[in-house]
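Novice: Using numbering that gives the first Met the number 0, you'd call the opening residue of the sequence shown number 0 and step up by one each time. Supplied in structure tokens, the structure appears directly below.
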Amino acid sequence: MPTIRFEQVEKSYGAVRVLPPLDLALDDGEFTVLVGPSGCGKSTTLRILAGLEELSGGEIFFDEKPISDLASKERDLAMVFQDYALYPHMNIAKNMSFALRLNKTPKAEIETKVRRVADMLNIGHLLERKPAELSGGQRQRVAMGRALVRDASTFLFDEPLSNLDAKLRGKMRTELAEMRDTLDKNMVYVTHDQIEAMTLGDRIVVMSEGVIQQQGTPEELFKAPANKFVAGFIGSPTMNFLNAELTSKKDVLFAKGDGFELPLPKPLAKSLNGYAEKTVTLGIRPSSFSSDTKIGTPIDLRLVVSEYLGAQSTLVTRCGDAEVLVEHDSSSPVRTGSQLTFGVRTDELMVFDKNTELRL
Ligand SMILES: Nc1ncnc2c1ncn2[C@@H]1O[C@H](COP(=O)(O)OP(=O)(O)OP(=O)(O)O)[C@@H](O)[C@H]1O
Ligand SMILES: [Mg+2]
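In structure tokens:
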């Protein structure tokens, strides 16, 4: 499989610039997930890689060889489109085997491959039907199967699970993770769902407005987000951001704001050199609160709503004027409107520059 590299790749549609010069390197055999909000340029990036859109500038390299001049079909790719279209007059088996039949793969081999992939996708019983006779989620799995039967070196997936119900999504995610571990292929996967990104990606590329915010392993993005955007995008429920002033008392640096005063751990305080007495953005993950107030530093929050999710609840609370989400064990009940005290694990706090939004 080739290593893939974008060098100063740009894309504009007329006066609309979708991708500013973008650099990106994908390691050989890696499962890369492009994630970001709707309209940030994920599909555009994938379509450029697939050769379906022309570059407005820059170059893409496969194994350090420029590929701009290669037509889509010469790039050894299999792609699942976001707006997949099946051939309406062909049955599912024929739809799935279209590319294989085109390149004259022996019939027996086609049958084995289609059967294996169809079983994996749970559509083995639908092979004789026409696309119009399937549900949206089943059609989406056929589109995926059409790519997976092929023997390409690189697979490109654009939101391939978006039409599936939650249970099927979970199952397909597991299948894909298994494929990632058994097939030694390049996979580039686009989603706006951060849970999908976290569970599938060897590495994740977080995009916003065409700009790469950070590229890293799921753990790197969660534990060491480069900026406020990544910190807020990765992790569910989303991170709380509070205005805070840094104040120093007896060698300890505190983040102080409306309704809280939290001591910052030594290593973090050290990296905040020069920010003392300044206003910053404090980041607290909902999972950093403990109902055991002996843990960390106590904070008082007023409960607005409790959202029951099963074993866990998300508590929507107020700290001064700010809304604060808290992950809470559902087995200890809480009453709306009540004042609650939690322990904050201060070693998990993050601090962001107010202007640049970079993590400090
Ligand atoms: N043909 C086009 N002409 C003009 N603008 C376009 C065109 N195609 C896409 N865009 C714009 O480019 C931006 C990026 O689009 P893209 O499809 O890459 O987003 P995306 O990240 O895949 O979003 P989604 O999650 O909604 O699929 C959008 O703002 C979109 O409006
Ligand atoms: Mg898209």
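C-beta atoms are modelled at their ideal positions from N, C-alpha and C, and glycine is treated no differently.
1) Would threonine 340 and proline 297 be called neighbours here (beta carbons separated by less than 9 Å)?
2) For glycine 56 versus isoleucine 66, is the C-beta distance shorter than 9 Å?
3) Per the DSSP calculation, valine 148 is bridged to which residue(s)?
4) Along the alpha helix (DSSP H) that carries leucine 199, what are the first and last residues, could you check?
5) Is any heavy atom in ligand 2 found nearer than 8 Å to the beta carbon of aspartate 164?
6) What residue does the beta strand (DSSP E) around phenylalanine 351 start on, and which one ends it?
7) Is it buried or exposed, arginine 74, if we count other Cβ atoms within 10 angstroms and call 16 or more buried?
8) Taking just the CA atoms, how far does glycine 38 sit from valine 17?
9) Using alpha carbons as the reference points, say which of Thr335, Glu276, Leu300, Leu314 lies closest to aspartate 328.
10) Can you tell me whether DSSP reads isoleucine 294 as helix, strand or coil?
11) Just the Cα atoms here: how many angstroms apart are lysine 222 and isoleucine 122?
12) If we ignore side chains and look at the alpha-carbon of each, how far apart do arginine 179 and leucine 302 end up?
13) Taking 9 Å as the threshold (beta carbon to beta carbon), is phenylalanine 5 in contact with chain C?
14) Could you compute how far the alpha carbon of valine 15 sits from the alpha carbon of glutamine 212?
15) Which partner residues of lysine 255 appear in the DSSP bridge assignment?
16) For glutamine 193, which residues of its own chain have a beta-carbon under 7 Å away from its beta-carbon, when the five flanking residues on both sides are left out?
17) Please list the terminal residues of the continuous alpha helix (DSSP H) segment that includes valine 116.
18) Can you tell me whether asparagine 239 is buried or exposed, with buried defined as 16 or more other CB within 10 angstroms of its CB?
19) With respect to the beta strand (DSSP E) encompassing proline 236, which residues constitute its N-terminal and C-terminal limits?
20) Applying the 10 Å Cβ sphere with the 16-neighbour rule, what's the burial state of aspartate 183?
21) Compute the Euclidean distance between the alpha carbons of leucine 241 and proline 159, then round it to the nearest angstrom.
22) According to DSSP, simplified to helix, strand and coil, what is histidine 327?
23) Are the region 197 to 209 and the region 319 to 336 touching by the rule of at least three beta carbon pairs closer than 8 Å?
24) Give every residue of the same chain whose Cβ lies closer than 7 Å to the Cβ of aspartate 346, excluding the five residues on either side of it in the sequence, and list them in chain order.
25) Determine the direct distance from the alpha carbon of threonine 181 to that of valine 148, and round the result to whole angstroms.
26) Leaving aside the five residues before and after leucine 23 along the sequence, list all residues of the same chain whose C-beta is less than 6 Å from its C-beta, in chain order.
27) Cβ-heavy atom distance between glycine 40 and ligand 1 below 8 Å?
28) For threonine 111, which option in Val333, Met95, Leu101 has the closest C-alpha, if you only look at C-alpha atoms?
29) Assuming contact is defined by CB atoms lying nearer than 9 Å, are methionine 186 and glutamate 58 in contact in what I supplied?
30) Tell me whether glutamine 81 counts as near ligand 2, meaning its Cβ is closer than 8 Å to at least one heavy atom of that ligand.
31) Can you have a look at leucine 101 and say buried or exposed, based on whether 16 or more other CB atoms are within 10 angstroms of its CB?
32) Quick check: what's the CA-CA separation for leucine 220 versus glutamine 214?
33) Using 9 Å as the threshold, is the C-beta distance between phenylalanine 61 and proline 1 below it?
Specialist: Here's the rundown:
1) Here residue 340 is taken as the residue at index 341 of the sequence shown, counted from 1. Here residue 297 is taken as the residue at index 298 of the sequence shown, counted from 1. Taking 9 Å as the Cβ cut-off, threonine 340 and proline 297 qualify as a contacting pair.
2) Indexing the sequence shown from 1 puts residue 56 at position 57. Indexing the sequence shown from 1 puts residue 66 at position 67. No, the pair does not count as a contact, with Cβ atoms beyond the cut-off.
3) In the sequence shown, counting from the first residue as 1, residue 148 sits at position 149. BP columns for valine 148 are empty, so no partner.
4) Counting from one through the sequence shown, the residue named residue 199 turns up at place 200. For leucine 199, the enclosing alpha helix (DSSP H) starts and ends at 193 to 199.
5) Position 165 of the sequence shown, counted from the first residue, corresponds to residue 164. Remark: the C-beta of aspartate 164 is outside contact range of ligand 2, defined as less than 8 Å to any heavy atom.
6) Your numbering for residue 351 matches position 352 in the sequence shown. Per DSSP, phenylalanine 351 is one residue of the beta strand (DSSP E) stretching across 349 to 352.
7) As a working note, residue 74 is residue 75 in the sequence shown. In this structure arginine 74 is buried. Its beta-carbon is surrounded by 16 or more other beta-carbon atoms within 10 angstroms.
8) Looking up residue 17 in the sequence shown gives position 18. Looking up residue 38 in the sequence shown gives position 39. Their backbone Cα atoms lie some 9 Å apart in a straight line.
9) In the sequence shown, counting from the first residue as 1, residue 328 sits at position 329. Per the Cα distances, Leu314.
10) On the sequence shown, residue 294 is found 295 positions in, with the first residue counted as 1. Isoleucine 294 sits in coil when the DSSP states are folded into three classes, being neither helix nor strand.
11) Working through the sequence shown from its first residue, we reach residue 222 at position 223. Working through the sequence shown from its first residue, we reach residue 122 at position 123. One C-alpha to the other measures close to 39 Å.
12) Looking up residue 179 in the sequence shown gives position 180. Looking up residue 302 in the sequence shown gives position 303. Between arginine 179 and leucine 302, the C-alpha separation is close to 43 Å.
13) Absent from the structure is chain C; it holds one protein chain and no more.
14) Here residue 15 is taken as the residue at index 16 of the sequence shown, counted from 1. Here residue 212 is taken as the residue at index 213 of the sequence shown, counted from 1. Rounded to whole angstroms, valine 15 to glutamine 212 spans 20 Å at the Cα level.
15) Position 256 of the sequence shown, counting from 1, holds the residue named residue 255. Paired residue(s): Glu244, Glu260.
16) The sequence position of residue 193 within the sequence shown is 194, counting from 1. Closer than 7 Å at Cβ, skipping near neighbours: Val34, Phe232, Ile233, Ser235.
17) Residue mapping note: residue 116 aligns to position 117 of the sequence shown, counting from 1. Counted as a single uninterrupted DSSP element, the alpha helix (DSSP H) harbouring valine 116 occupies residues 106 to 119.
18) Taking the sequence shown and counting its residues from 1, one reaches residue 239 at position 240. Under this definition asparagine 239 is a buried residue.
19) Against the sequence shown, residue 236 aligns to sequence position 237. From DSSP, proline 236 is part of no beta strand (DSSP E); its letter is neither H nor E.
20) Sequence index remark: in the sequence shown, residue 183 carries index 184 (1-based). With fewer than 16 other Cβ atoms within 10 Å, it is exposed.
21) Within the sequence shown, numbered from 1, the residue matching residue 241 stands at position 242. Within the sequence shown, numbered from 1, the residue matching residue 159 stands at position 160. If I take the Cα positions, the gap works out to 36 Å.
22) Start at 1 with the first residue of the sequence shown, and residue 327 comes out as number 328. The three-state reading of DSSP puts histidine 327 in strand, counting E and B together.
23) As far as the Cβ criterion goes, the region 197 to 209 does not touch the region 319 to 336, which means the pair count is below three.
24) On the sequence shown, residue 346 is found 347 positions in, with the first residue counted as 1. Taken in chain order, the residues that qualify are Pro264.
25) The residue given as residue 148 occupies position 149 in the sequence shown. The residue given as residue 181 occupies position 182 in the sequence shown. Approximately 15 Å, taken between the alpha carbons.
26) Locating residue 23 in the sequence shown gives position 24, counting from the first residue. Hits under 6 Å: Phe5.
27) As a first step, residue 40 must be located in the sequence shown, where it is residue number 41. Yes, the Cβ of glycine 40 comes within 8 Å of a heavy atom of ligand 1.
28) Translated into positions along the sequence shown, residue 111 becomes position 112. Nearest C-alpha to threonine 111 among Val333, Met95, Leu101: Met95.
29) In the sequence shown, residue 186 corresponds to position 187, counting from 1. In the sequence shown, residue 58 corresponds to position 59, counting from 1. The answer is no: Cβ separation not under 9 Å.
30) Residue mapping note: residue 81 aligns to position 82 of the sequence shown, counting from 1. At least one heavy atom of ligand 2 lies less than 8 Å from the C-beta of glutamine 81.
31) Working through the sequence shown from its first residue, we reach residue 101 at position 102. Result: exposed.
32) The sequence position of residue 220 within the sequence shown is 221, counting from 1. The sequence position of residue 214 within the sequence shown is 215, counting from 1. Spanning the alpha carbons of leucine 220 and glutamine 214 requires a straight line of approximately 8 Å.
33) In the sequence shown, the residue the question calls residue 61 occupies position 62. In the sequence shown, the residue the question calls residue 1 occupies position 2. Less than 9 Å separates the beta-carbon of phenylalanine 61 from that of proline 1.
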